[in-house]
Amino acid sequence: MQRANSTVHEEWWSATAEVAWGEAPPGPDVATLRAENDHLRRVMAGRARVDQACGMVMALAPCRRGAARALLVDISRQCDVTLRQVAEALVATTEDEPFPMPMQRALRASLRRMHTTAVRYGKESGGGGRS
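Put into structure tokens, the structure is as follows:
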């Protein structure tokens, strides 16, 4: 039985995995699992950014998590970009990156709608879900 060490480097960690196989190198199942793992890592990294951006909106607006996420989704729809791109742009503002002008306009419009809805229905938090 042969053994091969492979190192997987990620932005936030470094791990060594040992793979064992008999006569033949790893088959398509291993390649499929690696691709799936890579995909899941990217998805989780994107979700972390969206959660960070929701927290920023919750602190600045102030509103509940559902309303913050709805606001980010509204911005992504208005600007025709993904939710992850909106979240990354918003989080990048903490590192002195400017928030793109189209997203600024969409944010202002979404905040106005949220405020109008809150005033109309007498909600302090802007409504939209639970924390």
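794 is the number that our numbering gives to position 10 of the sequence shown; each next residue is one higher, with no gaps. Just so it is clear, CB atoms sit at the ideal spot from N, CA and C, and this is done for glycine as well.
In this structure, the beta-carbon distance from A876 to F883 falls below 9 Å.
In the displayed model, E872 falls within a helix according to three-state DSSP.
By the CB criterion at 9 Å, R826 and C838 fall outside the cutoff. DSSP, read as helix, strand or coil, puts C847 in coil.
Under the 10 Å beta carbon count, V834 is surrounded by 16 or more other beta carbons and is classified as buried. When the five nearest sequence neighbours on each side are left out, the beta carbons in the same chain lying within less than 7 Å of the beta carbon of M887 are those of I859, C863, V870, A873, in order along the chain.
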